[in-house]
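So the structure is just underneath, and the comments pick up after that.
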Amino acid sequence: MAEAYLRQRCYGARRSLLEPVKAFVTTVEAHWDGVLAWQRNRLSNGLLEGTSSLVQAAKRRARGYRSKAKMITIIYLLAGKLPLPGIHTI
Numbered sequence: 001m002a003e004a005y006l007r008q009r010c011y012g013a014r015r016s017l018l019e020p021v022k023a024f025v026t027t028v029e030a031h032w033d034g035v036l037a038w039q040r041n042r043l044s045n046g047l048l049e050g051t052s053s054l055v056q057a058a059k060r061r062a063r064g065y066r067s068k069a070k071m072i073t074i075i076y077l078l079a080g081k082l083p084l085p086g087i088h089t090i
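Below, the structure written as structure tokens:
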């Protein structure tokens, strides 16, 4: 049902005189399977992108560490959002 609706909308938009609309339809058609998969599952990769950004930040902070274990520890510290006390607590 969603696929038929999307095909109909793309067909109508293709006949538009506006080039940005035609370009959008081209993009939708290029990612057709992904668009329909989202319609079925309602999943996105936002969580994965957020995690990737945390890992990249950890890599920047951990430069100089030579072991993979220390790198993983830094990732856990950044991603874990633990309530760690400051160094100079009174």
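For the sequence shown, position 7 matches number 7 in this note's numbering, and the numbering has no gaps at all. Glycine is no exception: its CB is placed at the ideal position from the N, C-alpha and C atoms. Please read these numbers as outputs of a predicted model, since none were measured by experiment.
In this structure, the alpha-carbon of Tyr-76 lies about 16 Å from that of Leu-47.
With a contact defined as Cβ atoms closer than 8 Å, Arg-14 and Val-25 qualify at about 5 Å.
Segment contact: the region 49-60 against the region 72-87, three or more CB-CB distances shorter than 8 Å; contact assigned. CA-CA distance, Ala-62 to Trp-32, rounds to 40 Å.
A straight-line Cα-Cα distance of about 18 Å links Thr-27 and Ser-44. Between the alpha carbons of Pro-83 and Leu-17 lies a gap of roughly 57 Å.
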